[in-house]
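S.K.: The following block contains the structure, expressed as structure tokens.
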Ligand code: DGL
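The following block contains the structure:
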């Protein structure tokens with residue numbers, strides 16, 4: 110069945126963090142309706158095995174397809190790292206992840222060819238960003254391919270600190286100094302914020318690393334990529350009014366509403382538990 114451009118965009122994440130991607134989607138695609146699913150009962154994904162992350166990701170996509178979504182945005186970096194290909198091979202709708210857009214932006218912004226990657230343990234272990242960086246550099250930036258060097262580090266505590274709202278706290282700065290010193294030593298000039306939560310910590314990360322390091326927000330790049338995909342597929346919604354946002358979670362909605370506000374940048378209305386659908 111052909112996709113309808115009036116259908117919503119589906120977005121999923123392991124929890125609340127994917128709202129950083131929704132925020133960017135609303136900015137770049139203000140007329141699109143969005144159905145968001147946050148798997149709050151099973152978060153975090155970043156510490157789970159490949160098999161489990163694949164299974165959860167397929168279940169999340171199946172849930173979103175109930176709403177006849179015209180494409181699925183995998184906002185979760187961990188799911189994107191591990192399950193994107195599986196989803197793309199098994200579903201007809203366009204499936205957009207965060208890895209490729211983030212990697213492309215990092216390569217185009219680096220001058221020294223030294224790129225850092227931070228993310229959850231599962232994302233870093235998967236080496237998905239490294240593979241994508243090499244693939245894109247080879248085909249699109251051959252002059253940068255030979256000198257490309259990557260340094261990666263998992264920063265699991267950043268997730269809790271962002272959810273706690275300790276965005277400019279001395280404790281967060283201390284943790285950031287410890288995690289990020291390697292990027293200074295290796296003189297990276299472009300750092301991929303490879304986790305949904307990290308855009309909230311941009312100020313602290315920037316203050317620790319200093320000027321001269323470009324912080325690549327994969328949420329923003331993913332929204333731009335979604336717009337490009339919808340344009341290519343002739344699926345951009347042409348209606349003039351603001352899109353409607355609906356949110357579903359697998360656990361208690363109230364907590365999602367309160368912690369989600371800072372990720373989305375506005376109040377979250379219209380949340381339901383997925384089993385009520
Ligand atoms: N949403 C996850 C990601 O972007 C972070 C939280 C988790 O570990 O599930 O990788």
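Residue numbers (this note's numbering): 110 to 386. Ideal placement from N, C-alpha and C gives every residue a C-beta, glycine not left out. Quantities reported herein were computed from a predicted structural model and do not represent experimental measurements.
Put residue 259 into one of helix, strand or coil per three-state DSSP.
M.R.: Numbered from 1 along the chain shown, position 150 holds the residue referred to as residue 259. Strand, per DSSP.
S.K.: Can you tell me whether residue 353 is buried or exposed? The criterion is at least 16 other CB atoms within 10 Å of its CB, across all chains shown.
M.R.: Locating residue 353 in the chain shown gives position 244, where the first residue counts as 1. The residue is exposed, with fewer than 16 neighbouring Cβ atoms inside 10 Å.
S.K.: Tell me whether residue 180, by its Cβ, gets closer than 7 Å to a heavy atom of the ligand DGL.
M.R.: Against the chain shown, residue 180 aligns to sequence position 71. No.
S.K.: Please report the distance separating the alpha-carbon of residue 172 from that of residue 358.
M.R.: As a working mapping, residue 172 is identified with position 63 in the chain shown. As a working mapping, residue 358 is identified with position 249 in the chain shown. Rounded to the nearest angstrom, the two C-alpha atoms are 11 Å apart.
S.K.: What do you reckon, is the C-beta of residue 185 under 7 Å from a heavy atom of the ligand DGL?
M.R.: Against the chain shown, residue 185 aligns to sequence position 76. Yes, the Cβ of residue 185 comes within 7 Å of a heavy atom of the ligand DGL.
S.K.: Is any non-hydrogen atom of the ligand DGL found closer than 7 Å to the C-beta of residue 154, if you look at the structure I gave you?
M.R.: Here the question's residue 154 lines up with position 45 in the chain shown. Yes, the ligand DGL has a heavy atom inside 7 Å of this Cβ.
S.K.: Going by C-alpha distance, which of 163, 286, 262 and 295 is nearest residue 304?
M.R.: As a working note, residue 304 is residue 195 in the chain shown. It is 262.
S.K.: Is DSSP giving residue 331 helix, strand or coil here?
M.R.: On the chain shown, residue 331 is found 222 positions in, with the first residue counted as 1. Helix at residue 331.
S.K.: Kindly indicate which three-state DSSP category residue 155 falls into: helix, strand or coil?
M.R.: By one-based count along the chain shown, residue 155 stands at place 46. Of the three classes helix, strand and coil, the one that applies to residue 155 here is coil, per DSSP.
S.K.: Considering only heavy atoms of the ligand DGL, does any lie closer than 7 Å to the CB of residue 304?
M.R.: By one-based count along the chain shown, residue 304 stands at place 195. Indeed, a heavy atom of the ligand DGL lies less than 7 Å from the Cβ.
S.K.: First and last residue of the beta strand (DSSP E) that includes residue 326?
M.R.: By one-based count along the chain shown, residue 326 stands at place 217. Residue 326 -> beta strand (DSSP E) spans 323-326.
S.K.: Could you say if the region 248-262 and the region 152-171 meet the contact criterion of at least three C-beta pairs nearer than 8 Å?
M.R.: They do not touch, by the three-pair rule.
S.K.: Considering only DSSP beta bridges, list what residue 299 is partnered with.
M.R.: As a first step, residue 299 must be located in the chain shown, where it is residue number 190. For residue 299, which the question treats as bridged, DSSP gives the partners 224 and 323.
S.K.: CB-CB under 8 Å to residue 280, same chain, minus the five flanking residues each way: which ones, in chain order?
M.R.: Translated into the one-based positions of the chain shown, residue 280 becomes position 171. The answer, listed in chain order, is 270.
S.K.: Inspect the CB distances between the region 291-303 and the region 147-156 and report whether three or more fall short of 8 Å.
M.R.: No, the region 291-303 is not in contact with the region 147-156.
S.K.: Does DSSP classify residue 354 as helix, strand or coil?
M.R.: The sequence position of residue 354 within the chain shown is 245, counting from 1. Of the three classes helix, strand and coil, the one that applies to residue 354 here is strand, per DSSP.
S.K.: Less than 8 Å between the C-beta atoms of residue 215 and residue 187, yes or no?
M.R.: Within the chain shown, the letter at position 106 stands for residue 215. Within the chain shown, the letter at position 78 stands for residue 187. Against a cut-off of 8 Å, the Cβ pair of residue 187 and residue 215 comes out as no contact.
S.K.: Can you tell me whether residue 315 is helix, strand or coil according to DSSP?
M.R.: Locating residue 315 in the chain shown gives position 206, counting from the first residue. Residue 315: helix per DSSP, three-state reduction.
S.K.: How about residue 211: is its Cβ closer than 7 Å to a heavy atom in the ligand DGL?
M.R.: Looking up residue 211 in the chain shown gives position 102. Not under cutoff, so the answer is no.
S.K.: According to the Cβ coordinates, are residue 125 and residue 184 closer than 8 Å?
M.R.: Within the chain shown, residue 125 is the residue found at index 16, counting from 1. Within the chain shown, residue 184 is the residue found at index 75, counting from 1. No. Outside cutoff.
S.K.: By the three-class DSSP mapping on this structure, what secondary structure does residue 370 have?
M.R.: Within the chain shown, residue 370 is the residue found at index 261, counting from 1. Three-state result, residue 370: helix.
S.K.: Grab the span of the beta strand (DSSP E) containing residue 307 for me, first residue to last.
M.R.: Position 198 of the chain shown, counting from 1, holds the residue named residue 307. Premise fails: residue 307 is in no beta strand (DSSP E) and is neither H nor E.
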